[in-house]
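Data block below; observations after.
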Amino acid sequence: MKKKTIYIIILALLTFVAGFTASYFLFGNSAQNSSHSHEEEMLYTCGMHPQILEKEPGNCPICGMKLEPVKSGGSKKTSGERKILYWRAPMNPNEIYDHPGKSKMGMDLVPVYEDESQSEGVVTVDGSVLQSMNVRMESVTRKDLSLEVSTYGTLEPDENKVFTVTTKFEGWIEKLYVTYEGASVYRGKALAKIYSPMVASAEQEVVSILKNNGASSSLLQNSLRKLRLLGIPEREIKRLLKTKKASDTFTLFSDYNGTVLKLNVKEGEKFSPKMPLFVVSDLS
Numbered sequence: 167m168k169k170k171t172i173y174i175i176i177l178a179l180l181t182f183v184a185g186f187t188a189s190y191f192l193f194g195n196s197a198q199n200s201s202h203s204h205e206e207e208m209l210y211t212c213g214m215h216p217q218i219l220e221k222e223p224g225n226c227p228i229c230g231m232k233l234e235p236v237k238s239g240g241s242k243k244t245s246g247e248r249k250i251l252y253w254r255a256p257m258n259p260n261e262i263y264d265h266p267g268k269s270k271m272g273m274d275l276v277p278v279y280e281d282e283s284q285s286e287g288v289v290t291v292d293g294s295v296l297q298s299m300n301v302r303m304e305s306v307t308r309k310d311l312s313l314e315v316s317t318y319g320t321l322e323p324d325e326n327k328v329f330t331v332t333t334k335f336e337g338w339i340e341k342l343y344v345t346y347e348g349a350s351v352y353r354g355k356a357l358a359k360i361y362s363p364m365v366a367s368a369e370q371e372v373v374s375i376l377k378n379n380g381a382s383s384s385l386l387q388n389s390l391r392k393l394r395l396l397g398i399p400e401r402e403i404k405r406l407l408k409t410k411k412a413s414d415t416f417t418l419f420s421d422y423n424g425t426v427l428k429l430n431v432k433e434g435e436k437f438s439p440k441m442p443l444f445v446v447s448d449l450s
């Protein structure tokens, strides 16, 4: 009876040990495999270089940006060590090698595994990562591209078409008819009303000769020549001969067509001989 009891106790102990061992292998290994599988599924990539896939967090070997976690995309893993099909350059997927090493650019080659061969270069990025990268997606549509492009530039006029408006005498600007740079002018357009004591004196000399019946004298011709040498326009000389009245001011007209690039005077300011009052350029 005692021997039978001992057999029963030994059998019970063996059953308990066998059950515990089986549970350990079934559930313990399953948890380890699950944890290992989870670790394998967690990869890290660069937002600027999605071809970079690393098993651990860190920085991108290309640009130095912090790697972001990505999903594996549900690719199937084989048990045991993953099989490497070939090695490729990180910046050129067409540069393939059968052994690890350096690419033509001197970068470390990236392994391509057997379970990645069907979806090479395809990475599924988590939505939060896409949002932090400010990525926007839109369906492909067909539409016409706009031909209008707005941009900044520098305008360089042709030096052969740049003209300067000056005088041969000093004076003051009484009134400006062109008040800003960029204004369009044309030949014969009034630019400014000016006053010059020298011009006023020369005109008064002509009036005095005319009033003394010297219309055909050489003295009158010399006085008119003086006005022409000062650059007084013919329209002003004709007015003087017709009215026989000297004017304190006269109008300065443009001799060119174009755009005012520079306006170097203001109303009430004094100007000197040969001073560039206006700079005009033909931009056509």
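Residue numbers for the sequence shown, in the numbering used here: 167 to 450. Every residue gets a Cβ at the ideal spot worked out from N, C-alpha and C, and that includes glycine.
Check	Outcome
Same chain, Cβ closer than 6 Å to Glu402, five either side skipped, listed in chain order	Phe416
Option in Trp338, Lys432 and Ser447 with minimal Cα separation from Val426	Ser447
Helix, strand or coil at Pro256 according to DSSP, with G and I counted as helix	coil
Ser269 - containing alpha helix (DSSP H), residue span	Per DSSP, Ser269 belongs to no alpha helix (DSSP H) and is neither H nor E.
The segment 271-280 touching the segment 248-262, judged by at least three CB pairs closer than 8 Å	yes
CB-CB length for Pro439 against Lys334, believed under 8 Å	6 Å
Which of helix, strand or coil DSSP assigns to Glu340	strand
Validate contact between the segment 368-378 and the segment 408-415 using beta carbons, cut 8 Å, 3 pairs	yes
Given Glu442 as reference, the closest of Tyr343, Val328 and Gly348 once Cα atoms are compared	Checking the sequence, you will find Pro at residue 442 rather than Glu. Selected option, being the one with the closest Cα: Val328.
Spatial distance of Asp324 from Ser450 (CA atoms)	10 Å
Simplified DSSP assignment, three categories, for Leu251	strand
Whole-Å CB distance - Ser389 paired with Ala368, under 8 Å assumed	7 Å
Sheet register partners of Ala358 (DSSP bridge)	Leu342 and Leu418
Local Cβ density within 10 Å of Val315, reported as buried at 16 or more and exposed below that	exposed
8 Å Cβ cutoff met for Glu435 and Ile360	no
Cβ pair Arg308, Asn423 closer than 8 Å	no
Pairwise C-alpha distance: Thr211 and Phe191	Reliability of the predicted coordinates at Phe191 is poor, the pLDDT of 48 falling under 50, and no value is obtained from them.
Helix, strand or coil at Glu234 [DSSP, three-state]	strand
Beta-carbon spacing of Leu233, Pro223 below 8 Å	yes
For Val365, the three-state DSSP class (helix, strand or coil)	helix
Ser420 vs Lys355 beta-carbon contact at 8 Å	yes
Own chain partners of Leu342 with C-beta closer than 7 Å, once the 5 adjacent residues on each side are dropped	Ala358 and Glu433
Val344 vs Leu418 beta-carbon contact at 8 Å	no
Closest Cα partner of Ser298 within the set Tyr279, Pro235, Thr320 and Gly319	Pro235
Close Cβ partners of Thr330 (< 7 Å) along its chain, the five nearest in sequence each way excluded	Pro442 and Val445
Coarse secondary structure for Thr307, derived from DSSP in three states	coil
Test item: CB-CB of Arg248 and Glu280 under 8 Å	yes
CA-to-CA distance, Gly348 to Gly319, given in whole angstroms	16 Å
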